[in-house]
Amino acid sequence: MQTYTPMTEPLLKAMQARGLFVETHVHFPGLFTPELTLSLGIKNGWVHGHTGEVLRPFAHPKNPYKHYSELFLAGADGKGALVKDGMVAKDLRYNLDPRNYPDLKIAFDIFDRVYAFTHSHRFGEGAVMQAEDVAAVMASYLGQCREQGLRHTEVQFNFTMADHVFRDSGLKTPEARQHALCELLAVVVEEYAKHDVNLAFLHCFNKTVISGIGDDLEERTVRAADLVLRLNRDFPFVVGIQSAGNEDMYDVEKLKRGYDMVRAAGLESGAHAGEGRGGPHVMKVLDTLQLSNLGHGFRAIELDEAIAAVREAGMVLHQCPIVNRALESKLKYDSQSGKPHAEGEKRNIGEVYNHPFFELLRSHGVRVNICSDNPGFFGSYEEEVRAMTGMSVAFPKHVKPLSFEELVITTLNGVMASAMKEKDKLRFANDLNKFVVAWQDIQQMPTGIDYGDHPLLERARAERMNGGGKAGGGAAAIRR
Ligand SMILES: [Zn+2]
7 MQTYTPMTEP LLKAMQARGL FVETHVHFPG LFTPELTLSL GIKNGWVHGH TGEVLRPFAH
67 PKNPYKHYSE LFLAGADGKG ALVKDGMVAK DLRYNLDPRN YPDLKIAFDI FDRVYAFTHS
127 HRFGEGAVMQ AEDVAAVMAS YLGQCREQGL RHTEVQFNFT MADHVFRDSG LKTPEARQHA
187 LCELLAVVVE EYAKHDVNLA FLHCFNKTVI SGIGDDLEER TVRAADLVLR LNRDFPFVVG
247 IQSAGNEDMY DVEKLKRGYD MVRAAGLESG AHAGEGRGGP HVMKVLDTLQ LSNLGHGFRA
307 IELDEAIAAV REAGMVLHQC PIVNRALESK LKYDSQSGKP HAEGEKRNIG EVYNHPFFEL
367 LRSHGVRVNI CSDNPGFFGS YEEEVRAMTG MSVAFPKHVK PLSFEELVIT TLNGVMASAM
427 KEKDKLRFAN DLNKFVVAWQ DIQQMPTGID YGDHPLLERA RAERMNGGGK AGGGAAAIRR
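If you use this note's numbering, the sequence shown corresponds to residues 7 to 486, in order.
In structure tokens:
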């Protein structure tokens, strides 16, 4: 029987101080806070740093914006000065107001339009114009990781961005440019390590026509796989592959060959699915790609067979409920019972307590974990945790917020599904359990956490039995 300990401020702070959190699903373009995007815009000469005046317009013919300043809002009416006398507006925010986008109907499309500018990928115009800007973004994110107790994070990053940031460098080939970018990232990774944050990168490409590449998806995926294998040889922090984009707009079979290459090399393979499409698609993706982990996947809950497939594959589903709330993610619900159902009607999930996260974890035995996806836009990892544990959101009576015990278990799920080295995973599991035991002793709580048969803890236990327990906390530290 699992005990239920509500999360509290001291408990959260204590976990953070010991680096007991892990991020397994976050996008590089999602790391940009509005302030950071504006400061890079100033640095790159789009906007005047003292007056906020627009210095030059965007030039790309397909760019839907004319000026960098259109990416932001400030002031109650949204029309306030972004910068005044060198000071950034206190209520600076991204321009995600639907009234400013009469041509777009879906919250995701509005987000995507702004998002494309953070990494300047689509039109070559935006916040990142030089390689040093990539480093600046990563430096700013390091601060967040430290404050929030993230011991490991793996960032989804499109390495073809090297062509953009080294466009004037004289480096002749894409391979040379990617290599140069990785040399810079190697320094960043070292800096993270100095602060006890393990940083890894997954090469993430868009699997739909939105990318504007216009090639065959199978070739694109194989190219992405080649890139991952090549970079991983010299830069082990490039740990695997990811693909994103509208789930209605691609054929999963076309991803198979590239994903097989990455898996055969023993590297990580993740994909986004089950966010925009339901259970049958989730099953198809799992069956075809044999992933190490699945981004979102919550719409598996509409179909019993899909839930079973996720569970049987031992798949960890990366959940980002405050992002889903902001982007108005939908689920099909049965009109009679109100329960998720494949034949039901689609409607917004809404507040985080309605998120399938809780049912998947509590009723279906599916392994889930908490991720931030796009922390600069919708809220940091910590804010996701605060929302799900009821620290920042008032839950209705019929749903209990995520407890301390459940947070520990979902964090272990994240560690297990992460790209950390096995010895670091075991150390993390031991540290987390040691913390649980110590905390419960201090609070004089009688029972330990029921971890069920968590595979990571089983491995940690086996390792100690074999005498490799130096990294851990002694045989008594892990209780069932
Ligand atoms: Zn994502």
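We treat Cβ as the ideally placed atom computed from N, Cα and C, and that holds for glycine.
- Counting other Cβ atoms within 10 Å of its Cβ, Pro-12 stays below 16 and is therefore classed as exposed.
- In the DSSP assignment, Gln-162 falls within the beta strand (DSSP E) that extends over 156-163.
- With a cutoff of 8 Å, Gln-162 counts as near ligand 1, since its C-beta is closer than that to a heavy atom of the ligand.
- Relative to His-66, the option among Asp-202, Arg-128, Glu-349 and Ala-20 whose CA is nearest is Arg-128.
- In the three-state DSSP reduction, Arg-128 falls in the coil class, being neither helix nor strand.
- Around Met-267, the same chain offers Val-228, Ala-231, Asp-232 and Leu-235 as residues with beta carbons nearer than 8 Å, after the five sequence neighbours per side are excluded.
- Beta-bridge partners assigned by DSSP to Gln-248: Cys-210.
- The closest CA to that of Pro-70, considering only Leu-44, Gly-132 and Leu-79, is found on Gly-132.
- Separation of Leu-323 and Val-391 (C-alpha to C-alpha, rounded to the nearest whole angstrom) is 16 Å.
- With a threshold of 8 Å, the Cβ atom of Gly-420 does not count as near ligand 1, since no heavy atom of the ligand is closer than that.
- By the Cβ neighbour-count rule, His-361 is buried, with 16 or more other Cβ atoms within 10 Å of its own.
- For Glu-318, no beta strand (DSSP E) encloses it; the enclosing alpha helix (DSSP H) starts and ends at 310-318.
- Per DSSP, Arg-62 is not a residue of any alpha helix (DSSP H), being assigned neither H nor E.
- In the three-state DSSP reduction, Met-426 falls in the coil class, being neither helix nor strand.
- If you check the C-beta of Ala-250 against ligand 1, you find a heavy atom less than 8 Å away.
- Asp-379 has its Cβ nearer than 8 Å to a heavy atom of ligand 1.
- A direct Cα-Cα distance of roughly 21 Å separates Val-134 from Cys-151.
- Within 8 Å of the C-beta of His-31 there is at least one heavy atom belonging to ligand 1.
- When secondary structure is reduced to three states using DSSP, Ile-112 falls in the coil class, being assigned neither helix nor strand.
- Taking C-beta separations shorter than 8 Å and ignoring five residues to either side along the sequence, Arg-105 has no partners in its chain.
- If you look at Asn-380, you'll find it isn't in any alpha helix (DSSP H); DSSP assigns it neither H nor E.
- About 4 Å separates the beta carbons of Glu-388 and Gln-154, which is inside the 8 Å limit, making them a contact pair.
- Residue environment for Pro-407: buried (at least 16 other C-beta atoms within 10 angstroms of its C-beta).
- When DSSP states are grouped into helix, strand and coil, Val-405 belongs to the coil group.
- For His-287, the enclosing alpha helix (DSSP H) has its first and last residue at 285-295.
- Inter-segment contact for the region 416-424 and the region 332-351 is absent: fewer than three beta-carbon pairs are separated by less than 8 Å.
- Shown here, Val-195 sits in a helix according to DSSP, grouped into three states.
- Distance between Gly-356 and Glu-253, taken at the CA atoms: about 20 Å.
- Residue Val-120 holds the alpha-carbon nearest to the alpha-carbon of Lys-72 among Lys-49, Lys-90 and Val-120.
- Remark: C-beta atoms of Phe-117 and Ala-332 approach each other more closely than 9 Å.
- The residue from Leu-177, Phe-123, Val-203 and Tyr-100 with its alpha-carbon nearest to that of His-158 is Val-203.
- According to the DSSP assignment, Ser-275 belongs to the beta strand (DSSP E) that extends over 274-279.
- Pairing Ala-137 with Val-53, the inter-Cα distance amounts to about 19 Å.
- Under the DSSP assignment, Asn-238 falls in the alpha helix (DSSP H) whose first and last residues are 223-240.
- Below 8 Å, enough C-beta pairs join the region 256-263 and the region 292-305 to call them touching: three or more.
- Counting other Cβ atoms within 10 Å of its Cβ, Asp-139 reaches 16 or more and is therefore classed as buried.
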